[in-house]
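Reviewing the structure listed below.
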Amino acid sequence: MRRRAARPVNTDTSPEPWRLSVAPMMDWTDRHCRVLHRLVTRRTRLYTEMVTTGALLHGDVPRHLDYSAVEHPLALQLGGSEPADLAACARLAERWGYDEINLNCGCPSERVQRGAFGACLMAEPELVADGVAAMREVTPLPVTVKHRIGIDRVESYDFVRDFVGTVHTRGGCTVFIVHARNAWLQGLSPKENREIPPLRHELVHRLKRDFPALTIAVNGGLAGDEAIAAQLQHVDGVMVGRHAYHEPWSMASWDTRFLGASEPAATQREAVEEAFVAYMEGLAAQGTPWSHASRHLLGLYNGQPGARRWRQVWSDHRLKAERPQAVMRLARQALHQGAKAAVPLA
Ligand SMILES: Cc1cc2nc3c(=O)[nH]c(=O)nc-3n(C[C@H](O)[C@H](O)[C@H](O)COP(=O)(O)O)c2cc1C
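Heads up: the sequence shown begins at 5 in our numbering, then just goes up one per residue.
Quick look at the structure:
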């Protein structure tokens, strides 16, 4: 088995590690995406895509766990339900230098339900608690849980309150990240399950009131600094998913506004693009197609004049054989031409 050359340094010294985070998103928040996000915000907590215990215990560990040191603070999200398997994966997470292990109790996909984990675990709080306890026994890393406010048509607050209560008292979990809508386990695709069950942020606020000693972060449908600031009046943290992915520049204000930094990680989109191009040049030099990474960049100029043309260049398949530097030059030309075309002539 290949091993990491050097274990990355755990740089997580934040007093409030869960204040802001980017959600785990399958196929989206891969290691390249996380490097991009790190160029925009140094302090926001980042999560991997969900990795199943089966994939780690029987698959290619470096492929699933390797990452760049700049990605810290970084949490590994696990999908699984068998305490012994979770414990074995928690050991791996620690060995690979992750800052946190997060257990997925919110994914509604049928594949995940067949494996009996994800959102259907909310019906088995004792099993979740045992899984958390098993992980905590083998590692000092924080073990956190990401879950929904309910499953199927159970609308009662008591359900999620009892879930959190059990996972805390029996499992020792002290950090809960709550996607503020139910998961409907039948009849909806995972995508629909992120859109159709209604959002009820107030239930997450109530959890914080009922469990003031726990760290409670809210997730679901939050976009923009004002929405984040409003949530932070009620809970300890906010996790942002789709908006952060589609509009990565929206995170540029977070370090200074919310996370106590004296300076932002970047003040110009151009600087982020250039740094990411340097990263992609490095990938290409190692034989990894840079287009694996460039797809995450496409929202960088959203809202700016010329953004559509810039995006078209970066997603043009005919340019995949070019160097990223050359594609950036073309994309910049397109951006400026698009911006000029957008200015009405006097
Ligand atoms: C493409 C995609 C993949 C996702 N994959 C995961 C996942 O692997 N694990 C998880 O806990 N949630 C996953 N989610 C759910 C997000 O983490 C988040 O809970 C959800 O998108 C709601 O937050 P948002 O409204 O800010 O996007 C995924 C969401 C999307 C859009």
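Where a beta carbon is used, it is the ideal one built from N, C-alpha and C, also for glycine. Quick caveat: nothing in here was measured; it's all calculated off a predicted structure.
How close, in whole Å, do the beta carbons of residue i and residue j come, if the pair is a contact with beta carbons under 8 angstroms?
i: Met139; j: Ala94; result: 4 angstroms
i: Pro77; j: Asp103; result: 5 angstroms
i: Thr48; j: Leu263; result: 7 angstroms
i: Ala59; j: Val244; result: Between Val244 and Ala59 the Cβ distance is about 26 angstroms, and since that is not below 8 angstroms, they are no contact.
i: Gln329; j: Glu285; result: 7 angstroms
i: Glu130; j: Thr170; result: 6 angstroms
i: Gly83; j: Ala137; result: So it is not a contact: roughly 18 angstroms between Cβ atoms.
i: Lys150; j: Cys109; result: 6 angstroms
i: Glu86; j: Arg35; result: About 26 angstroms; that fails the 8 angstroms criterion.
i: Gly241; j: Arg23; result: 5 angstroms
i: Leu107; j: Val132; result: 7 angstroms
i: Pro146; j: Val168; result: No, Pro146 and Val168 are not in contact; Cβ-Cβ is about 16 angstroms, not under 8 angstroms.
i: Gly119; j: Pro112; result: So it is not a contact: roughly 12 angstroms between Cβ atoms.
i: His209; j: Val164; result: Between Val164 and His209 the Cβ distance is about 12 angstroms, and since that is not below 8 angstroms, they are no contact.
i: Tyr51; j: Ala79; result: 5 angstroms
Identify whether residue i lies in helix, strand or coil by the three-state DSSP scheme.
i: Thr396; result: Because the chain spans 5 through 350 in this model, residue 396 falls outside it and cannot be assessed.
i: Cys124; result: helix
i: Lys195; result: coil
i: Gly291; result: coil
i: Val158; result: coil
i: Arg304; result: It should be pointed out that residue 304 corresponds to Leu in this sequence rather than to Arg. In this structure, Leu304 counts as coil in the three-state DSSP scheme.
i: Lys150; result: strand
i: Ile200; result: coil
i: Cys177; result: coil
i: Ser254; result: helix
i: Cys111; result: coil
i: Ser319; result: coil
i: Ala97; result: helix
i: Gly264; result: coil
i: Thr170; result: helix
i: Arg49; result: strand
i: Gly228; result: coil
i: Gly84; result: coil
i: Val136; result: helix
i: Ala338; result: helix
Mind checking residue i: buried by the 16 CB within 10 Å criterion, or exposed?
i: Ser25; result: buried
i: Gly291; result: exposed
i: Asp353; result: Past the edges of the chain, shown from 5 to 350, lies residue 353, and the structure says nothing about it.
i: Gly63; result: exposed
i: Glu98; result: buried
i: Ile200; result: exposed
i: His172; result: buried
i: Ala325; result: exposed
i: Gln81; result: buried
i: Ala270; result: buried
i: Ser298; result: buried
i: Leu191; result: Per the sequence presented here, residue 191 reads as Gly, with Leu not at that position. Exposed.
i: Asp134; result: buried
i: Ala217; result: exposed
i: Pro293; result: exposed
i: Arg115; result: exposed
i: Met5; result: Caution applies to Met5, whose pLDDT of 37 falls short of 50 and renders its modelled position unreliable; the model cannot decide the point.
i: Ala338; result: buried
i: Pro21; result: buried
i: Asp259; result: buried
i: Ala345; result: exposed
Using 8 angstroms as the threshold, is the region 247-255 in touch with the region 211-219, meaning 3 or more CB pairs across them? no
Assess, as a yes-or-no matter, whether the region 226-235 is touched by the region 270-287 under the definition of 3 or more beta carbon pairs within less than 8 angstroms. no
Kindly confirm or deny that the region 178-189 and the region 218-234 touch, where touching means at least three C-beta pairs closer than 8 angstroms. yes
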